[in-house]
Amino acid sequence: MSSSNKMFGDKAFDLLKDLKRSSQTIPAFDDDGVRQVLEEIKAIFEENVAQASNYNSSGDRSLWPLLNYRHAALQRNKRCLLAYLYERMQRIKAMRWEFGPIVPDDIKQSLCEPEVQLFNNYSKSLASYMRSVGDGQGIDLTSNLRPPKSLYIEVRCVEDYGKFELDDGEVVHLKKNSQHYMPRAQVETLVRQGILQHIA
Amino acid sequence: MFIQDLKNDFYGQLIGKRILIIVNYDVDAICASKILQALFKYDHMLYTVVPIMGLTGLRRAYAEHQGDVKHVLLMNCGGCVDIVELLQPDDEVTFYICDAHRPLDVCNIYSDRQVCILGDPALEENIPAFETIFYDEDEEEDEQDEDRDSGEGESDEGEGDPETGAPKLTRMQRHEQRVMRMRARRQWELERDRIMFDYTQFSYYGRSTALMIFELAWKLSKDNMDLLWWAIVGISEQLLLGKIESAAYTLELEHIQSHVSRLTNKTNDQHTMSAAKINFEKDLHLVLYRHWTVTESMRYSRYAACQLKLWTLRGEKRLHELLVEMGLPLVHARQMYNSMDLVLRKEFYSMVEQLADKYDIPDIVYGTFTLSYGYRSRYAAADYVYALLAILQSVKKHKTPEDCFMEAADALMRQHKQLLIAGIDNAKLLHAAIFRQVQSCLEAHQVHSTGSFFYYILQEEHAFFSYPYALALLAKFVLHGHVATTRARQAPDMPLIATCPLDATQGMCLLVGIAPVREDSPKNFFGKAFDQAAQKSKVSLLQDFFEPSIVQLRQSDLTRFLDALTVLLT
Amino acid sequence: MNYFPSYYSIEDIFVTQEKVECKVNTRLQRMGFLDAGSETEDLEPGRTINLPLWYIKELKVNNSYFTIAVPEIYKNVHKAVCEAETTHIELGRLHPYFYEFGRYLTPYDRNHVIGRIIFETLRQRVRHLLDISKNDGDQSKPEQRLDNIESKLHEAGVRTNTLYVNWLQLRGNNICISELVQEHQKKRKRADRSEDEGSGDGGSPSSKRITL
């Protein structure tokens, strides 16, 4: 056993530390870190198997504490790894609600392939669920997160967006720093996406 | 074309349509657009508001929304330029112009459909008659026909001109007739140029746009306290920036007072202490004194400072004399107004008023309105104007003029009181900076005279004075201050030109012309004069602002331009 | 805000990463790597080493290998608890996970004081916490004074208070930009800005214009 300064489980813990530091959006999937943790788990496991079989044959209990320690480390690594994946999954799900069905490219870059699939599948399930409820009409659960108080709202454009067509065919040119009065239902998504700002 | 019946011919036409509102970068326009937006909101009309700052901005804003909108509303902009010529709009686009700038462009006035000016033509001064400035194009065609005829020679001579049905004339006669006609034409053109020159010579301001729109709201029975207050802020801006005569302001006061009492009686929560209330009051021309200390407010107010010469040691003494006579202890005068003794605060106005004549500051008193709501908030209309101006001026590296515009519009709302308070603090800084600049300028004798006008050149870019409003305020203060100190007898009759570099890297500077002190009317001839001087000296001038007396030009051209202007004005 | 850590709780993983001081009781073969100061392969009895909590909690409370020492911090707080003067303690500086850590250590504390200390400390401080949550604005900085759980309570308090004030002033009805999007935009703006500054000439002429 090498006496490196790093304790068992430290690498797995670093994964979580990095994840927690970026509190909101998602950092790039740490392929390398995950692989190292997996390698550590494998190494511990192999050593333990070797010693356990040794223990079985000789009945020497002197290595019992070591075995125990390494087993705990193994469990610890597993827990960190799963927590890492779980937390990312939660954030990916939240992104569907916050960004809508399309996530910005730079965020997409930081997802790994299975995560992209998760996002797409989640998006699909949500869409089919929303279609299925509401007496065959479907309900957009992502809109009206707060009860609406008026049909129209006043919005200010904070980013150049371009032409935006309303349901009645009117085309509104959304240009930075212009101010508009528009139907609430149709601009809510744009407000959520930070293109418009709702002003009172 | 003028529209007088705003309710039917303007608002009634627009109901249910989508509207583009283009708003100029000034307080009056912001107030007017806020009132209008409130009206449109009641009727669920879709609208888009775009702030602009000059002709370029107007063109750009229109180009961006071209094709999507059929109804364009121009607030305090576009009245003085031929809007059809400038924007080249499609046939079905209609422009509604609500502009306090004068003189209005004649093409806008005589447009038969596409351009509608909101307002009463009876209030407009000497608009040239149609025949005197427009040549009938049919006649011109006739003439051309004839020209062609004669050019083609004797072969067609027999046919003559069927349209006019003129009898056949000999060649000689015809020639004579043409010469006569050309002479008449030339004379007519000369006359037209004279009329147009007379008409466009002075730039001035008409009725406050905000007030006009408020009256629309009143006629629609959709007015309320907030809308009225915005209208008051709009007209107060006109007064404080010297855009209108105080006589015109006083006349309007009466109308406004009747609105105030009507609305006050209409709302039934007037018994609650905290309800929003507008009161007519006699007030003092002292900047922001309710939110400042009395001494500072006096020092930084143009009128008081110039009459008492507060930048000198003697002036300072005189101020102390005044305070003593008022019975206002220095301790109190030097602390914030709202922490002054309640008794002193209550008597402050009457104390100043009594001594106004003695200290030669009679015009310090004027009638205005105050808005009070809640238990602590009480603002004069002037406080709002100064705060909004300061916000409009607060352009910084990461704060574009558009941001400032939006912030100013927000500050008008009672919910965003913190913006207004920040604006007031900014305004204090601005006024203090102006005073310091005036002081150093007068002490160093930096105001020079060319014989026909004064000029004052700021050498360096300045955080405040590189913006039009602040530069204009400074220039006005400098002129009044200079006239107050100088011995020259003709000084009160001389205008002032002030300039400040805009952007060192591009070598542009901002130039503003201020009318003479003795001139009562706020008419300003600099717009035209700048134009002519630029033509004579072949200097390229950027007359982009809707205030023609504020222009931009290359710094390297400045001397040449001033020389030309000197020649022109002597 | 109950605290029931799940298996996936990152918070709990952070707490269990903390080190605890232990005394070795028996000779532990080939575990010398746990003791940075030891040269031998085995862990000798009598040595004092720091072990992570996640390992400790796998051991029996009265195991024969290690004796767990109660950290000094709890002893220090004890006096303040008795005098009911805990509000001024900078708990966050003392230990970022004061309460949670203490909770894990309670079974190992033979004198049974930790349990009482953390309970009393929170009881005394919670009132103060309520006060500052009401008075601190939205932008108040994270404080050294508070431990992890406390700062979460504080955050929740401030948020609730802001929502309440907004509701009173009729401002709560606006549609807001989604939090994730906002964070994302901020990040992008920061990146843009640093690019700006990287490009050399600081005051770009276009940034300072006066016309619209």
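Chains A, B and C are the protein sequences, given in the same order.
The working numbering puts the first residue of the first sequence at 1, with every later residue one more than the last.
The working numbering puts the first residue of the second sequence at 1, with every later residue one more than the last.
The working numbering puts the first residue of the third sequence at 1, with every later residue one more than the last.
Where is the CB? At the ideal position from N, CA and C, for every residue including glycine.
Quick one: what's got a C-beta closer than 7 Å to B:L479's C-beta in the same chain, skipping five residues either side?
Residue 479 of chain B sits at position 479 when you count from the first residue of the second sequence. Answer for B:L479: F454, L496, I514 and V517, listed in chain order.
Please report the Cβ distance between B:D563 and B:S537, rounded to the nearest whole angstrom; I am assuming they are in contact, meaning their Cβ atoms lie under 8 Å.
Here residue 563 of chain B is taken as the residue at index 563 of the second sequence, counted from 1. Here residue 537 of chain B is taken as the residue at index 537 of the second sequence, counted from 1. Sure, about 7 Å apart at Cβ, within 8 Å.
Of all the residues that make up the segment 179-198 of chain A, which are near chain B by a beta-carbon distance shorter than 9 Å?
Q179, H180, Y181, M182 and P183
How would you write the range of the beta strand (DSSP E) that B:D503 sits in, first residue to last?
Numbered from its first residue, the second sequence carries residue 503 of chain B at position 503. Membership of B:D503 in the beta strand (DSSP E) is indicated by the continuous run L496 to D503.
For C:Y99, which residues in the same chain have their Cβ closer than 7 Å to its Cβ, ignoring the five residues on either side in sequence?
Taking the first residue of the third sequence as 1, we reach residue 99 of chain C at position 99. Contacts found: I118, L122, D147 and I149.
Bridge partners for B:K428 per DSSP, in chain order?
For this step, residue 428 of chain B is matched to residue 428 along the second sequence. In the DSSP output, where bridge partners are listed per residue, B:K428 has none listed.
Just the chain C side, please: which residues come within less than 8 Å of A:A83 by C-beta, in chain order?
In the first sequence, counting from the first residue as 1, residue 83 of chain A sits at position 83. Near A:A83 (Cβ distances below 8 Å), the residues of chain C are Y7, Y8, S9, I10 and I13.
Measure the CB-CB distance between A:I203 and A:E154 and report whether it falls below 9 Å.
There is no way to answer for residue 203 of chain A, as the model of chain A reaches only from 1 to 200.
If we count the other Cβ atoms within 10 Å of its Cβ and call it buried at 16 or more, is B:C77 buried or exposed?
Mapped onto the second sequence, residue 77 of chain B falls at position 77. With 16 or more Cβ atoms within 10 Å of its Cβ, B:C77 is classed as buried.
When the Cα of A:A127 is compared with those of A:E39, A:W97, A:N144 and A:P183, which residue comes out closest?
Taking the first residue of the first sequence as position 1, residue 127 of chain A is located at position 127. With distances taken between Cα atoms, A:A127 lies closest to A:W97.
Thinking C-beta only, is C:V70 closer than 9 Å to C:R47?
The sequence position of residue 47 of chain C within the third sequence is 47, counting from 1. The sequence position of residue 70 of chain C within the third sequence is 70, counting from 1. Their beta carbons are not under 9 Å apart, which means C:R47 does not touch C:V70 by this criterion.
How would you call B:A382, buried or exposed, if buried means at least 16 neighbouring beta carbons within 10 angstroms?
Translated into positions along the second sequence, residue 382 of chain B becomes position 382. That one is buried.
Using only CA atoms, which one of B:S556, B:V512 and B:V567 lies nearest to B:Q532?
Position 532 of the second sequence, counted from the first residue, corresponds to residue 532 of chain B. Selected option, being the one with the closest Cα: B:V567.
Would you report the Cα separation of B:D147 and B:R102, rounded to the nearest angstrom?
Here residue 147 of chain B refers to the residue found at position 147 of the second sequence. Here residue 102 of chain B refers to the residue found at position 102 of the second sequence. Unreliable positioning characterises B:D147 in this predicted model, as indicated by a pLDDT of 49, which lies under 50. The coordinate reading is nonetheless provided below. Between B:D147 and B:R102, the C-alpha separation is close to 40 Å.
For B:A529, which of B:L473, B:D5, B:L471 and B:Q201 has the nearest alpha-carbon?
Taking the second sequence and counting its residues from 1, the one referred to as residue 529 of chain B is at position 529. The shortest Cα separation from B:A529 among B:L473, B:D5, B:L471 and B:Q201 belongs to B:Q201.
On the premise that A:L81 lies in contact with A:V37, defined as a C-beta separation below 8 Å, what is that separation, rounded to the nearest angstrom?
The count along the first sequence starts at 1 and reaches residue 37 of chain A at position 37. The count along the first sequence starts at 1 and reaches residue 81 of chain A at position 81. Contact holds; Cβ gap of about 6 Å.
Would you tell me roughly how many angstroms separate the C-alpha atoms of A:D14 and B:G67, rounded to the nearest one?
Against the first sequence, residue 14 of chain A aligns to sequence position 14. Against the second sequence, residue 67 of chain B aligns to sequence position 67. C-alpha separation (whole angstroms): 57 Å.
Check whether the segment 399-413 of chain B touches the segment 308-316 of chain B, taking contact to mean three or more Cβ pairs, one atom from each stretch, closer than 8 Å.
no
Going by C-alpha to C-alpha distance, which of C:T16, C:D12, C:S6 and C:K187 sits closest to A:P104?
Here residue 104 of chain A is taken as the residue at index 104 of the first sequence, counted from 1. Comparing Cα-Cα distances from A:P104 to each of C:T16, C:D12, C:S6 and C:K187, the minimum goes to C:K187.
Looking at B:V119: is its Cβ nearer than 9 Å to the Cβ of B:I256?
Taking the second sequence and counting its residues from 1, the one referred to as residue 119 of chain B is at position 119. Taking the second sequence and counting its residues from 1, the one referred to as residue 256 of chain B is at position 256. A quick correction: the sequence has Gly, not Val, at residue 119 of chain B. No; because the gap between Cβ atoms is not below 9 Å, this pair is not in contact.
Tell me the DSSP bridge mates of A:I153?
As a position in the first sequence, residue 153 of chain A is number 153, starting the count at 1. As a beta-bridge residue in DSSP terms, A:I153 pairs with A:M182.
What are the start and end residues of the alpha helix (DSSP H) that includes B:F405?
The sequence position of residue 405 of chain B within the second sequence is 405, counting from 1. From DSSP, the alpha helix (DSSP H) with B:F405 extends over P401 to A411.
Determine the DSSP secondary structure at B:N8, reduced to helix, strand or coil.
Residue numbering aside, residue 8 of chain B sits at position 8 when the second sequence is read from its first letter. Reduced to three states, the DSSP call for B:N8 is helix.
Rounded to whole angstroms, what's the CA-CA distance from B:E191 to B:D5? Just pull it up for me.
Counting from 1 along the second sequence, the entry for residue 191 of chain B is found at position 191. Counting from 1 along the second sequence, the entry for residue 5 of chain B is found at position 5. Their Cα atoms are separated by approximately 34 Å.
Could you tell me which uninterrupted alpha helix (DSSP H) segments, each at least 4 residues in length, are contained entirely in the segment 241-278 of chain B, listed from first to last along the chain?
Within the segment 241-278 of chain B, the complete alpha helix (DSSP H) runs of at least 4 residues are 246-266.
When burial is assigned at 16 or more other CB atoms within 10 Å of the CB, is B:H398 buried or exposed?
Within the second sequence, numbered from 1, the residue matching residue 398 of chain B stands at position 398. It is exposed - the Cβ of B:H398 has fewer than 16 other Cβ atoms within 10 Å.
Taking 9 Å as the CB-CB cut-off, is B:L58 touching chain A?
Position 58 of the second sequence holds residue 58 of chain B. Not closer than 9 Å to any Cβ of chain A, the Cβ of B:L58 fails to qualify, so no.
Using a C-beta cutoff of 9 Å, does B:A409 count as contacting chain A?
Reading the second sequence from its first residue, position 409 is the one you call residue 409 of chain B. Closer than 9 Å to some Cβ of chain A, the Cβ of B:A409 qualifies, so yes.
Can you find at least 3 beta carbon pairs, one from the segment 115-123 of chain A and one from the segment 150-167 of chain A, that sit closer than 8 Å?
no
If contact is defined by three or more beta carbon pairs under 8 Å, each pair taking one atom from either stretch, is the segment 80-89 of chain B in contact with the segment 47-63 of chain B?
yes
Look at B:V447 and B:L510 and say whether their C-beta atoms are less than 9 Å apart.
Here residue 447 of chain B refers to the residue found at position 447 when the second sequence is read from its first residue. Here residue 510 of chain B refers to the residue found at position 510 when the second sequence is read from its first residue. Against a cut-off of 9 Å, the Cβ pair of B:L510 and B:V447 comes out as no contact.
What does DSSP give as the partner residues of A:V171 in its beta bridges?
On the first sequence, residue 171 of chain A is found 171 positions in, with the first residue counted as 1. Beta-bridge pairing links A:V171 to A:E165.
Could you say which of C:K134, C:I56 and C:P5 lies nearest to C:Y65 if we only look at CA atoms?
Counting from one through the third sequence, the residue named residue 65 of chain C turns up at place 65. Considering only C:K134, C:I56 and C:P5, the residue with the shortest C-alpha distance to C:Y65 is C:I56.
Between the Cα of A:G169 and the Cα atoms of B:E547, B:Y366, B:K17 and B:L430, which residue gives the shortest distance?
Along the first sequence, one-based indexing puts residue 169 of chain A at 169. Of B:E547, B:Y366, B:K17 and B:L430, the residue nearest in Cα terms is B:K17.
Give the DSSP bridge partners of B:T370, in chain order.
Your numbering for residue 370 of chain B matches position 370 in the second sequence. DSSP output for B:T370 lists B:N279 and B:A380 as bridge partner(s).
With 16 other CB atoms within 10 Å as the buried threshold, where does C:E18 fall?
Locating residue 18 of chain C in the third sequence gives position 18, where the first residue counts as 1. Its Cβ being crowded by 16 or more others within 10 Å, C:E18 is buried.
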